[in-house]
Amino acid sequence: MKSIIIILFSVLILSCINQTTKHPIVEIKTEFGNIVIELYPDKAPITCANFLRYIDENEFKDAMFYRTVTTSNQPNNDIKIEVIQGGLGFDVEESTFPAIEHETTDLTGIKHKNGTISMARSEPGTASTEFFICINDQPELDFGGMRNPDGQGFAAFGKIIDGMSVVKTIQSENNKNQMLVKAIKIEIVRK
Numbered sequence: 006m007k008s009i010i011i012i013l014f015s016v017l018i019l020s021c022i023n024q025t026t027k028h029p030i031v032e033i034k035t036e037f038g039n040i041v042i043e044l045y046p047d048k049a050p051i052t053c054a055n056f057l058r059y060i061d062e063n064e065f066k067d068a069m070f071y072r073t074v075t076t077s078n079q080p081n082n083d084i085k086i087e088v089i090q091g092g093l094g095f096d097v098e099e100s101t102f103p104a105i106e107h108e109t110t111d112l113t114g115i116k117h118k119n120g121t122i123s124m125a126r127s128e129p130g131t132a133s134t135e136f137f138i139c140i141n142d143q144p145e146l147d148f149g150g151m152r153n154p155d156g157q158g159f160a161a162f163g164k165i166i167d168g169m170s171v172v173k174t175i176q177s178e179n180n181k182n183q184m185l186v187k188a189i190k191i192e193i194v195r196k
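Residues in the sequence shown are numbered from 6 upward in steps of one, following the numbering used here.
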C-alpha cells in the first residue's frame, strides 16, 4: 500500500512538473484551415508575453494575413526571403500596448527555420502586433543577417507544429507588390 501511495505521489509530481514546463500552444483559424503554433516563453519571454497578451485581450479580433513575400515578388531586394505576414496591418495607428524590447536570435537561440513565427518590426524595439511565418529556412532574418540593414534580425518566438500547408496556401494567393489582393481574415487566435 505504501509503495502505491509513493508511486501515485510521484506521478502527480511529474504531472505538475510537465504542466509547468509545457510550451503554450496557440491556434490561428483562417478560411483555409488552422495553423497551430508552439510558443517558447522559456527562450523568448518578452516576445511570447506580448503575443499572448494580445490574444488574452482579444486584440487580434480584426487581424488578417495581408502580405506574402516570395522569391519572385521582391525585385529590388538583393537578399530574398519567403514569409507570410499577419497582424492588425500596417495602417494601425496605435497599438493597444507599447512596443517591446527586441529579443535577438543570438539571445534566444530560436533561428528562422521553416515554420518559425517571428515579430515584424522597423527598428529594434518597435515590434507590437505584426508577425510573420517563415517558409523554408531564412538565416538572413537571424541576428547578423542582412535582410534588415541594422543586422539585429527579428525576434523569433515559436514554431508551427501543424498547418504549414495552410501557410503555403496563403503564400500562393494573388498579390500585388507583396500585398495580398484579398487579405485573409484571421477568424480567431486562441490558446
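Yeah, the Cβ is synthetic: ideal placement off N, Cα and C, and Gly gets one too.
Residue range 50-61 is occupied by the alpha helix (DSSP H) that includes Arg58.
Between Ile115 and Phe162, the beta carbon gap of about 7 Å places them in contact (Cβ cut-off 8 Å). Counting other Cβ atoms within 10 Å of its Cβ, Glu135 reaches 16 or more and is therefore classed as buried. Judged by pairs of C-beta atoms under 8 Å, the stretch 173-181 does not touch the stretch 46-63, as fewer than three such pairs exist. Cβ atoms of Leu185 and Arg72 come within 8 Å of each other, at about 7 Å. The straight-line gap separating the alpha-carbon atoms of Val74 and Phe137 is approximately 10 Å.
When DSSP states are grouped into helix, strand and coil, Glu178 belongs to the coil group.
Taking Asn153 as reference, the option from Gly168, Lys164, Arg126 with the minimal CA-CA separation is Arg126.
Apart from sequence neighbours up to five positions away, no residue of its chain approaches Leu112 with a beta-carbon distance below 7 Å. For Glu36, the closest of Phe102, Val194, Lys190 by C-alpha to C-alpha distance is Lys190. Take the alpha-carbon of Asn141 and the one of Ile84: they are about 14 Å apart.
Under the three-state reduction of DSSP output, Glu64 falls in the helix class. Excluding the 5 residues flanking it on each side, Cys53 has same chain C-beta neighbours closer than 6 Å at Leu44, Pro46, Phe162, in chain order. Beyond the five residues adjoining it in sequence on each side, Gln157 comes within less than 8 Å, by CB distance, of His107, Thr109, Pro129, Phe148 in the same chain, given in chain order.
For Val172, the CB contacts under 8 Å within the same chain, skipping 5 residues up- and downstream, are Ile40, Ile89, Gly120, Ile138, Ile140, Ile165 in chain order.
Bridge pairing for Gln90: Arg72, Phe137 [DSSP]. A residue is called buried when at least 16 other Cβ atoms come within 10 angstroms of its Cβ; Met69 meets this threshold and is buried.
A direct Cα-to-Cα measurement between His117 and Pro144 gives close to 6 Å.
For a cut-off of 8 Å, the C-beta gap from Ile42 to Ile122 is around 6 Å, short enough to register as a contact.
Collapsing the DSSP output to three states places Lys118 in coil.
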